[in-house]
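One point on numbering: in the working numbering, the residue at position 7 of the sequence shown is 113, and numbering is uninterrupted.
Cβ coordinates follow ideal geometry from the N, Cα and C atoms, glycine included.
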Amino acid sequence: MIDYSVAACINPQKREEDPAYYGRAQVTKKVSLGEFARHISEHNSKYNRADIAAVLTQAVDCLREMLLNGYKVYMGDLGSFQVRLSSRGAVTAKDYNPEIHVRRINVCWTPGDDFMNLKEKAEWNLVANRRVQKIMLKAVKNGETSVDISKPDEEGAGDEVGAED
Numbered sequence: 107m108i109d110y111s112v113a114a115c116i117n118p119q120k121r122e123e124d125p126a127y128y129g130r131a132q133v134t135k136k137v138s139l140g141e142f143a144r145h146i147s148e149h150n151s152k153y154n155r156a157d158i159a160a161v162l163t164q165a166v167d168c169l170r171e172m173l174l175n176g177y178k179v180y181m182g183d184l185g186s187f188q189v190r191l192s193s194r195g196a197v198t199a200k201d202y203n204p205e206i207h208v209r210r211i212n213v214c215w216t217p218g219d220d221f222m223n224l225k226e227k228a229e230w231n232l233v234a235n236r237r238v239q240k241i242m243l244k245a246v247k248n249g250e251t252s253v254d255i256s257k258p259d260e261e262g263a264g265d266e267v268g269a270e271d
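See the structure below:
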């Protein structure tokens, strides 16, 4: 089940237009490597949690090494990984120096077939956005029995109907 909220977003290039509303996925739980390894081991695996965690940790180390060597790494149904550069331009090709012009090296994941369209299997659950959850929690702690969620909070996020985590 994917929890989501709805957010009003204004197009920064067309600020005069009314906002449009978009769904925002809400994270319901953060899973550690150990928890993920335990989950895998509980799916009728002949390997225990420690073995799976060790393999996953080694896979991360090796994937990083291969990406830094300029490889594109294919991982079957998981998909492929490669690096892309985020850089500033130079006046000429001769002037381009990656030590100066590259801002970031981004890791790009291209999903495999099993991840291409998760929507086909998704189930949806509308939840309050983080701002509204914060307002409600504060009200409960203060013993309030009603709140106005249409007013901006102290950070000034009043026009949002939803927010992402």
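Spatial neighbours of residue i in its chain, beta-carbon cut-off 8 Å, leaving aside the 5 residues before and after
i, result
"Ser192", "Val208, Arg209, Arg210, Ile211, Asn212"
Residue j beta carbon less than 8 Å from that of residue i
i, j, result
"His233", "Ile255", "Before going further, note that residue 233 is Val rather than His in the sequence given. No, the pair does not count as a contact, with Cβ atoms beyond the cut-off."
"Pro217", "Gly182", "no"
"Ile108", "Glu205", "no"
"Tyr153", "Arg130", "no"
"Leu139", "Ala159", "yes"
"Asn231", "Ala113", "no"
"Val161", "Leu169", "no"
Three-way DSSP call (helix, strand, coil) for residue i in this model
i, result
"Asp219", "helix"
"Gly182", "helix"
"Ala199", "coil"
"Ala263", "Only weak support exists for where Ala263 lies, its pLDDT of 41 falling under 50; the coordinates are left without a value."
"Ile206", "helix"
"Gln239", "helix"
"Pro118", "coil"
For residue j and residue i, the rounded distance between their alpha carbons
i, j, result
"Asn223", "Val133", "19 Å"
"Tyr202", "Val189", "19 Å"
"Ala263", "Glu123", "With a pLDDT of 41 at Ala263, under the threshold of 50, the modelled position of this residue cannot be trusted; read the value that follows with caution. Cα to Cα, the separation comes out at about 18 Å."
"Gln119", "Gln164", "45 Å"
"Ala245", "Val137", "29 Å"
"Glu148", "Glu171", "30 Å"
"Phe142", "Lys135", "12 Å"
"Arg121", "Ile146", "47 Å"
Cβ shell of residue i (< 7 Å), same chain only, five flanking positions each side left out
i, result
"Trp215", "Gly185, Phe187"
"Asp220", "Asp183"
Bounding residues of the alpha helix (DSSP H) (the contiguous stretch that carries residue i)
i, result
"Ser92", "Nothing about residue 92 can be reported from this structure: the residues present for the chain run from 107 to 271 only."
"Leu174", "155 to 174"
Any C-beta of chain D under 8 Å from that of residue i
i, result
"Val197", "The question asks about chain D, but that chain is absent: this structure has only one protein chain."
Residue i: first and last residue of the uninterrupted beta strand (DSSP E) it sits in
i, result
"Val133", "Counting along the chain, Val133 falls outside any beta strand (DSSP E), and DSSP gives it neither H nor E."
"Ile108", "108 to 115"
"Leu273", "For residue 273 there is no data in the structure shown, the boundaries of the chain being 107 and 271."
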